[in-house]
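Same order as they appear, the protein sequences are chains A and B.
Basically our numbering = 1-based index in the first sequence + 1447.
Basically our numbering = 1-based index in the second sequence + 1447.
These notes concern the structure reproduced below.
2 protein chains.
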Amino acid sequence: MTRPSGDALSARKQPRQARAQFTVDAIFEATIQVLLSEGLSALTTTRVAARAGVSVGTLYQYFPQKQALLFAVLQRHLEAVSDAVCATCARCRAMPLDQMAGALVQAYLDAKTRDIAATRALYVVAAELDTDDLLGAVARRNHSAIRDLLLSAGDRRVHQPDAVAFALRATLAGTTRAVLERDATQGDLAALRAELPVLCRAYLVARSGPL
Amino acid sequence: MTRPSGDALSARKQPRQARAQFTVDAIFEATIQVLLSEGLSALTTTRVAARAGVSVGTLYQYFPQKQALLFAVLQRHLEAVSDAVCATCARCRAMPLDQMAGALVQAYLDAKTRDIAATRALYVVAAELDTDDLLGAVARRNHSAIRDLLLSAGDRRVHQPDAVAFALRATLAGTTRAVLERDATQGDLAALRAELPVLCRAYLVARSGPL
DNA sequence: ATATTTTATGAATCATTCTTCAGGTTTGGA
DNA sequence: TCCAAACCTGAAGAATGATTCATAAAATAT
Chain A
1448 MTRPSGDALS ARKQPRQARA QFTVDAIFEA TIQVLLSEGL SALTTTRVAA
1498 RAGVSVGTLY QYFPQKQALL FAVLQRHLEA VSDAVCATCA RCRAMPLDQM
1548 AGALVQAYLD AKTRDIAATR ALYVVAAELD TDDLLGAVAR RNHSAIRDLL
1598 LSAGDRRVHQ PDAVAFALRA TLAGTTRAVL ERDATQGDLA ALRAELPVLC
1648 RAYLVARSGP L
Chain B
1448 MTRPSGDALS ARKQPRQARA QFTVDAIFEA TIQVLLSEGL SALTTTRVAA
1498 RAGVSVGTLY QYFPQKQALL FAVLQRHLEA VSDAVCATCA RCRAMPLDQM
1548 AGALVQAYLD AKTRDIAATR ALYVVAAELD TDDLLGAVAR RNHSAIRDLL
1598 LSAGDRRVHQ PDAVAFALRA TLAGTTRAVL ERDATQGDLA ALRAELPVLC
1648 RAYLVARSGP L
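Dropping the structure here:
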């Protein structure tokens, strides 16, 4: 798999004038729209450009290759989710472990289900790119936020916070993906919302002791 | 996304002679090898045929299109994992809930990590195909096996066994994928093996009561 | 007003790859 | 042995789509 990575995925040049910024935004938006309406395999640079109301050449002025586009879209989504997680972690410091678990689950699910169609489309996009660096960076950020949160719990002491934070991240991301990736029924989503907090709470209790 | 589904993905014709069966096996094997060495984006029908030691035409005699090949490979993997899960469920009937959780986790992880590289490659393959029917069938099979297992627990009674089986499936598949999909360190895998049983046991206890 | 930089165009290029088919080879039975 | 069915070949066809570049327009600076 020759999946591009690193520099090749960064923007070719920065827009300087307002109209250029506008163009880039339109391309961005068009990428998501095409992804949703046509799917990844039918996403061509020409089609995206057309949807954005510009020509292909313009697209290539800001993105050196098709995948740079996809990478940028994915990055934006992942960072939004990470922001939600980190903000929740900051807000829940020193709370009881129980509440932390509930809040964390809710924040994550809310962020991921804000636009389910887009989330699903991006799962597919991620498979097409070399996302090791991007996912690694996001993972590290989320990891330390969650670990620090756990350590600040007001009622209990979490043992091996790194292992627990690791498992918690995998559980949140994994279960959510398992449910959203397939065309989940409303019931599946409801079941996830109901069971995931129970799961996380039970785990945190099992992995902690009195202060 | 024009992802083929249903009939289009079934084999064009069945091999009748021994040499033909041999050819099909070789194509199968070659598909996985190319997937591992070149990646999905570089997997072309010609390349697979060459690796298998046959001509492209031969390949198209048994698979109507490239994706039928990928579908078949994925199907074989998923069914192997499902077999492992179902066998374990059958073996663990009437055991204590604790042991069930441990055995289930171990069986799933063993099946998925038997060939990590192939498992990772197939995560990517799955994203390229319309796997709704296939995944749905596998999910149903696993679901009823797990639910029946839970109901047979010798020491505790599981409430809402469908919801619990659902969550358990999502957790197993999701966390495992979250860890394997990225190039996980040996430590990550060890952490998963250590935490996942704890997670599942704690959850099952939380979702059950005395007999 | 003029020069310079930035931005936009889109037909043409270039490369890739799926898929077919007309014709040859091998197999197994009559 | 001979024939029909099964199997294999691989060059050619056809389509697709990523990317470039010469050119033109618009914005900004001088």
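Glycine residues also receive a C-beta, built at the ideal position from the N, C-alpha and C atoms.
Every value quoted in this text rests on a predicted model; they were computed, and no experiment measured them.
Test item: CB-CB of residue i and residue j under 8 Å
i, j, result
"T1623/A", "L1556/A", "yes"
"R1603/A", "S1529/A", "no"
"V1495/A", "T1470/A", "no"
"C1536/B", "L1596/B", "yes"
"L1506/A", "T1491/A", "no"
"L1521/A", "T1578/A", "yes"
"A1638/A", "A1610/B", "yes"
"A1568/B", "L1482/B", "yes"
"A1586/A", "A1558/A", "no"
"G1621/A", "G1621/B", "yes"
Selected residue, minimal CA-CA separation from residue i, among the options
i, options, result
"A1653/A", "G1656/B, V1645/B, A1610/B, P1657/B", "V1645/B"
"N1589/B", "L1516/B, A1531/B, T1578/B, L1490/B", "A1531/B"
"D1565/A", "A1534/A, C1647/A, R1594/A, H1524/A", "Correcting the residue type first, residue 1565/A is Ala in the shown sequence and not Asp. The shortest C-alpha separation from A1565/A is found at H1524/A."
"Y1650/A", "L1639/A, T1493/A, A1637/A, V1605/A", "V1605/A"
"L1658/B", "C1533/B, A1541/B, R1459/B, Q1480/B", "A1541/B"
"C1533/A", "E1642/A, G1621/A, R1616/A, A1641/A", "R1616/A"
"P1444/B", "L1569/B, R1459/B, L1544/B, I1563/B", "Since the displayed chain B opens at 1448 and closes at 1658, residue 1444/B lies outside it and no answer follows."
"N1473/B", "S1591/B, A1499/B, Q1464/B", "First, the residue type needs correcting, since residue 1473/B is Ala and not Asn in the sequence shown. Comparing Cα positions, the closest option is A1499/B."
"S1599/B", "P1462/B, R1538/B, S1484/B, K1460/B", "R1538/B"
"P1462/A", "L1619/A, S1484/A, Q1508/A", "Q1508/A"
"R1640/A", "F1613/B, A1641/B, L1619/B, R1648/B", "F1613/B"
"L1517/A", "L1619/A, A1586/A, R1594/A, V1571/A", "V1571/A"
"I1593/A", "L1582/A, L1581/A, L1619/A", "L1619/A"
"L1582/A", "Q1546/A, A1519/A, D1562/A", "A1519/A"
"F1475/B", "Q1464/B, A1489/B, A1497/B", "A1497/B"
"R1459/B", "I1563/B, D1562/B, G1504/B, Q1480/B", "G1504/B"
"A1467/B", "V1501/B, A1489/B, S1484/B, L1643/B", "V1501/B"
"Q1480/B", "A1554/B, A1465/B, D1562/B", "D1562/B"
"V1648/A", "A1554/A, S1591/A, Q1546/A", "Residue identity differs from the one stated: residue 1648/A is Arg in this sequence, not Val. Answer by Cα proximity: Q1546/A."
Which of helix, strand or coil DSSP assigns to residue i
i, result
"P1462/B", "coil"
"G1656/A", "strand"
"A1600/A", "coil"
"D1577/A", "coil"
"E1526/B", "helix"
"S1502/B", "coil"
"R1594/A", "helix"
"R1561/A", "coil"
"E1485/A", "coil"
"P1451/A", "Residue confidence is low: P1451/A scores 48 on pLDDT, short of 50, so the model does not pin down where it sits. Its coordinate-derived value is still stated next. Coil at P1451/A, not helix or strand."
Residue span of the alpha helix (DSSP H) that contains residue i, given as start and end
i, result
"P1511/A", "P1511/A -> no alpha helix (DSSP H), and no H or E assigned at all."
"V1652/A", "1633-1653"
"R1540/A", "Per DSSP, R1540/A belongs to no alpha helix (DSSP H) and is neither H nor E."
"T1618/B", "1608-1628"
"R1494/A", "1492-1499"
Continuous beta strand (DSSP E) stretch holding residue i: start and end
i, result
"R1604/A", "1603-1605"
Any non-hydrogen atom of the ligand NAP within 7 Å of residue i CB
i, result
"E1575/A", "Among the ligands in the structure shown, none appear at all, so the ligand NAP cannot be discussed."
Count Cβ pairs between the segment 1626-1640 of chain A and the segment 1627-1638 of chain B that sit closer than 8 Å; are there 3 or more? no
Counting pairs of Cβ atoms below 8 Å between the segment 1538-1553 of chain B and the segment 1508-1523 of chain B, do you hit three or more? no
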